[in-house]
Amino acid sequence: MLERMRNIGIMAHIDAGKTTTTERILFYTGKSHKIGEVDDGEAVMDWMEQEQERGITIQSAATTTYWRDHQINIIDTPGHVDFTAEVERSLRVLDGAVGVFCAVGGVEPQTETVWHQADRYKVPRIGFVNKMDRVGADFFAVVAEIEAKLGAKPLPVQIPIGKESNFEGVIDLVEMREIRWDDGSDGEKMEYSPIAAERTALAHEWREKLVDALSSRSDEITELYLGGEEIPATLLRSVIRKAVLERAFVPVLCGASRRNVGVQPLIDAVVDYLPAPDEVTPAVGHHVKKEEEIAIPCDPKGQALGLVFKIQYDREAGSLCYVRMYSGALKSGSVVYNVGKKKRERANRVLRMHSNKSEPMDEVGAGDIGVIVGMKLAQTGDTIGSEGWPVLLEKMHFPEPVISVAIEPKTVSEQEKLREVLDILAKEDPTFTTKENDETGQLIISGMGELHLDVLVTRILRDYKVSAKVGNPQVTYRESVSKAVEHKQDFSKMLAGKENSASVTLRVEPLERGSGNRYTCAVKKTAAPEEILDAIERGVTNAFPSGIVLGYPCIDVGVTLTAIGYSELTGTDFAFEACASLGLDEACRKAAPVLLEPIMVLDLLSPKDFVGDVISLVVQRGGLVQSMESRTSMDHVKAQAPMARMFGFMTSLRSVSQGRATFSMEFSHFEKKSEKEF
């Protein structure tokens, strides 16, 4: 059955037509009985009220459908940069992906971001150039951009018949025939015909390119081609499939999903070209007891092992844990072992999800995606498996939040409710954090951007009906150090008549930006019991989020334990954890602390008439233009600017461009804030 399973994601820039394409896939495969339109707020996959109102995807939604006796698990992901965590965790568990490109916009900023995320996880892909019926549509220009901007090798397996208002259908370069769709049947009926005489030359030109590209990977194709013999479509498909699995090529198709054109061949391509779960590189895990890396073959009869990649809260069922199984099977009602937390939990039920609806399953097996109900301790990125085979899969990594707002309940009675809701949202979304200001007692919530926080605040106020006051957005800064120092810290405290003492010497030094914090134990393991050394590490790592001077989290700091003073009589875990925490704080204060601010990457599209004013606006905001690329009627500007100067930028941009320029913004890096050093 594994060979008949596909785990795929639909990914792209916002407004490229991802959800519209997914809705057609569900309709043609029989999962939906009518086509849900994004513009009408009826898309099945965009089930959240805010998704329907805003016309965008906010959460990744999962569904399962069937085509040509194949099971296809689909995850529709957001296209807005503020929801990059949803894309990140989806790509981690997918075996293949469909990149949807706008035939007018081409390779847009978020497309690049998501594409490189997929590169990192080595996900094989196919491309679909959508909106071929739009004014300015250019299939061949998009194919060229895929190669130039994404570093991929596009392999058109179709070319369009006409474009814009004259877009009629596609030429299938594998079967060498024309395909058209019947408007009266919502595109369900397709008509096949020989290639028209006026299009024969173009079709043969692109067929030659297809065969030429594939001949480098198949001696059989080369021999048939040189002998002037017909190359069977089945052979072409098998070689294309092999090349896709090796990520050598990206087959590219085209259509107009809104007009119900081109979707069925896309589903065929998912089945024909994208991998089954046992055809991708096996996941790698860390065997906790043996302390070694091991490959995890996708074996339905193996030991149970899965990754919790998403958590969604349901008011009746509690936490819904989305799990990708890599080995074995997890049965409904069975006991589950959380490998990282070393805790057992019961999987009360196993479900198959269709957007926000579900159906019960007896079990979720290797290669499949399911939802477990009943696990209360699990978090995104946790490994679940069996106690007898303690293997940890690599945790998931998410970007740090860069924007914050203060939130407080309007009444004392709402205080507890607000905290509960914030805990739920933080568990669902790893890029949403909440903390209490030590001085004011205010609750501070942080996220990836203004839209991200706006969506979350709306959920708090409207969905969870919490009465709260929300402050204006503020930048989330970071702190670090700029020189190396060594500091000795002593600690002594009487507790219940017993002395608790500790002494540690810590070396603190700045690390390269983006490398994160690092703790190293340079003392011999015999210098103190293991639990004491663990307590020191705990004290250091727990102190990083508290900051140095202003209370912002510390980043890019290297800490080395160089000496330890331990007494069997008075040395305790508590004393050493507290000593390490205090020692790090003092060492950082001596190490010339600096304030770091988030720098954002801006991608702007502006009509040529307004590009001068747009660039001036960016410069006024402290921005630095990095590149400018001219398109047919628009200019594409890339720049960097401090997050602190970007509030209200959209309003100003609309003003200088008469509402015609657009932009997207995402976090790039932290750098020293010029005005302030402590």
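Heads up: the sequence shown begins at 81 in my numbering, then just goes up one per residue. Idealized CB from N, CA, C, for every residue including glycine.
Buried versus exposed, by CB contacts within 10 Å (16 or more), residue i
| i | result |
| --- | --- |
| residue 194 | buried |
| residue 675 | buried |
| residue 448 | buried |
| residue 726 | buried |
| residue 685 | buried |
| residue 574 | exposed |
| residue 312 | exposed |
| residue 768 | The shown model of the chain, from 81 to 758, leaves out residue 768, and the question about it has no answer. |
| residue 547 | exposed |
| residue 415 | exposed |
| residue 572 | exposed |
| residue 125 | Low confidence applies here, because residue 125 scores a pLDDT of 48, under 50, leaving its location unreliable; read the following figure in that light. Looking at its Cβ environment, which holds 16 or more other Cβ atoms inside 10 Å, residue 125 is buried. |
| residue 738 | exposed |
| residue 84 | exposed |
| residue 210 | buried |
| residue 505 | buried |
| residue 706 | exposed |
| residue 699 | exposed |
| residue 714 | buried |
| residue 521 | exposed |
| residue 404 | buried |
| residue 280 | exposed |
Residue i versus residue j - alpha carbon distance
| i | j | result |
| --- | --- | --- |
| residue 237 | residue 258 | 12 Å |
| residue 432 | residue 425 | 20 Å |
| residue 299 | residue 307 | 12 Å |
| residue 362 | residue 173 | 12 Å |
| residue 186 | residue 200 | 22 Å |
| residue 597 | residue 627 | 12 Å |
| residue 708 | residue 254 | 38 Å |
| residue 317 | residue 331 | 10 Å |
| residue 325 | residue 87 | 14 Å |
| residue 360 | residue 526 | 36 Å |
| residue 620 | residue 599 | 8 Å |
| residue 446 | residue 528 | 33 Å |
| residue 549 | residue 556 | 19 Å |
| residue 702 | residue 328 | 41 Å |
| residue 677 | residue 625 | 16 Å |
| residue 688 | residue 322 | 44 Å |
| residue 690 | residue 736 | 7 Å |
| residue 554 | residue 724 | 8 Å |
| residue 140 | residue 166 | In this prediction, residue 140 scores a pLDDT of 48, lower than 50, which makes its location untrustworthy; the coordinate-derived value is nonetheless stated afterwards. Cα to Cα, the separation comes out at about 6 Å. |
| residue 336 | residue 342 | 6 Å |
| residue 516 | residue 491 | 17 Å |
| residue 212 | residue 221 | 12 Å |
Inter-residue CB distance, residue i and residue j (contact presumed, cutoff 8 Å)
| i | j | result |
| --- | --- | --- |
| residue 457 | residue 418 | 6 Å |
| residue 399 | residue 455 | 6 Å |
| residue 680 | residue 730 | No, residue 680 and residue 730 are not in contact; Cβ-Cβ is about 13 Å, not under 8 Å. |
| residue 271 | residue 262 | 7 Å |
| residue 171 | residue 198 | 5 Å |
| residue 651 | residue 608 | 7 Å |
| residue 586 | residue 667 | 5 Å |
| residue 315 | residue 333 | Not quite, the Cβ-Cβ distance comes to about 19 Å (not below 8 Å), so this is no contact. |
| residue 472 | residue 420 | 6 Å |
| residue 430 | residue 441 | 5 Å |
| residue 91 | residue 177 | 6 Å |
| residue 560 | residue 635 | 6 Å |
| residue 412 | residue 382 | At roughly 19 Å, the Cβ-Cβ gap does not stay under 8 Å, so residue 412 and residue 382 are not in contact. |
DSSP bridge partner residues for residue i (one or two, in chain order)
| i | result |
| --- | --- |
| residue 176 | 88 |
| residue 403 | 388 and 450 |
| residue 750 | 678 |
| residue 155 | 89 and 142 |
| residue 182 | 186 and 210 |
| residue 261 | 270 |
| residue 547 | According to DSSP, which records beta bridges pairwise, residue 547 is partnered with nothing at all. |
| residue 418 | 423 and 464 |
| residue 441 | 430 |
| residue 575 | 578 |
| residue 567 | 586 |
| residue 334 | 209 |
| residue 673 | 561 |
Min CB distance residue i to chain B below 8 Å
| i | result |
| --- | --- |
| residue 737 | Note that chain B does not occur in the displayed structure, where there is just one protein chain. |
Kindly provide the ranges of any alpha helix (DSSP H) runs that are 4 or more residues long and lie completely inside the region 600-660, ordered along the chain.
610-623
As an exercise, report each continuous alpha helix (DSSP H) stretch of at least 4 residues that is fully enclosed by the region 340-388, in chain order.
343-353
In chain order, which beta strand (DSSP E) runs of at least 3 residues are fully inside the region 482-551?
483-489, 513-516, 523-527 and 548-550
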